[in-house]
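Remarks on the structure that follows.
In our numbering, the protein residues as written are 57 to 264.
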């Protein structure tokens with residue numbers, strides 16, 4: 057599980073982004089540039105547009121405006137990710153890796169590292185439906201990182217994690233942010249205790 061060092065700065069330039077679900081819910085005429093070098097924390101109350109912004113960047117929803125980014129690999133961990141509960145952890149991650157174009161060898165090497173990192177070795181052959189919410193969240197994070205993405209977008213990544221796992225993940229993301237574009241949606245930015253962070257606060261779909 058290396059840091060995948062790259063020297064080229066990475067950015068996403070968002071211009072006049074609008075995705076309206078109703079007159080007061082969604083994203084409204086939002087313009088911002090997100091860059092590697094710092095952790096980009098998207099903060100705000102529930103319904104402020106945090107998750108919608110990530111979905112727009114992922115092109116999971118239709119929107120108006122422009123989102124400019126180079127074709128770097130992206131890793132995305134949505135909040136409350138629904139995984140196939142009839143699969144084991146290993147089966148699920150293998151299939152996700154292959155869908156993302158990762159070789160069998162790379163999947164094996166990457167998952168071994170992540171199992172150790174998240175203390176999941178003894179759960180790799182367990183059915184997903186038998187896992188706790190915290191374990192499921194760890195699997196969600198691994199599937200986002202398995203293809204060694206240059207752009208990493210995590211929606212409430214600390215949800216259901218134990219304190220030790222929170223600390224390890226935040227430390228890992230801090231290191232990645234030096235050379236990768238890391239975007240995190242969170243309602244609790246104070247947990248990310250680092251000088252290298254940029255806070256973007258949303259309110260009613262606009263930058264506050």
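Every residue, glycine too, gets a C-beta built ideally from N, C-alpha and C.
Close Cβ partners of residue i (< 8 angstroms) along its chain, the five nearest in sequence each way excluded
{"i": "residue 237", "result": "66, 67, 68, 90, 91, 92, 96, 128, 206, 207, 208"}
{"i": "residue 148", "result": "139, 140, 184, 195, 199"}
{"i": "residue 217", "result": "190, 193, 194, 225"}
{"i": "residue 126", "result": "66"}
Endpoints, alpha helix (DSSP H) assigned at residue i
{"i": "residue 191", "result": "189–201"}
{"i": "residue 160", "result": "160–173"}
{"i": "residue 269", "result": "Examination of residue 269 is not possible in this model, given that the chain is present from 57 through 264 alone."}
{"i": "residue 148", "result": "145–155"}
Nearest-angstrom beta carbon gap, residue j and residue i [assumed within contact, 8 angstroms]
{"i": "residue 176", "j": "residue 191", "result": "7 angstroms"}
{"i": "residue 80", "j": "residue 260", "result": "6 angstroms"}
{"i": "residue 75", "j": "residue 117", "result": "6 angstroms"}
{"i": "residue 153", "j": "residue 168", "result": "Contact flag wrong, Cβ pair sits at about 12 angstroms."}
{"i": "residue 170", "j": "residue 221", "result": "About 12 angstroms separates the two Cβ atoms, so there is no contact after all."}
{"i": "residue 246", "j": "residue 131", "result": "With 8 angstroms as the limit, residue 246 and residue 131 do not qualify as a contact, their Cβ atoms being about 24 angstroms apart."}
Same chain, Cβ closer than 6 angstroms to residue i, neighbours up to 5 away in sequence not counted
{"i": "residue 250", "result": "230"}
{"i": "residue 265", "result": "For the chain, the structure presents residues 57 to 264; residue 265 sits outside this window and is missing."}
{"i": "residue 262", "result": "84"}
{"i": "residue 159", "result": "none"}
{"i": "residue 120", "result": "74"}
Same chain, Cβ closer than 7 angstroms to residue i, neighbours up to 5 away in sequence not counted
{"i": "residue 211", "result": "107, 110, 133, 134, 135, 241"}
{"i": "residue 82", "result": "75, 76, 105, 108, 261"}
Span of the beta strand (DSSP E), counted from its first residue to its last, around residue i
{"i": "residue 99", "result": "95–99"}
{"i": "residue 33", "result": "With the chain covering 57 to 264 only, the question about residue 33 has no answer from this structure."}
{"i": "residue 178", "result": "Neither: residue 178 is in no beta strand (DSSP E) and is coded neither H nor E."}
{"i": "residue 86", "result": "81–91"}
{"i": "residue 255", "result": "253–259"}
{"i": "residue 123", "result": "120–125"}
{"i": "residue 130", "result": "130–133"}
Would you call the stretch 175–182 and the stretch 140–150 touching, i.e. three or more CB-CB distances under 8 angstroms?
-> yes
Uninterrupted alpha helix (DSSP H) stretches inside the stretch 210–243 (no shorter than 4 residues): Counting only runs of 4 or more, we get 219–232.
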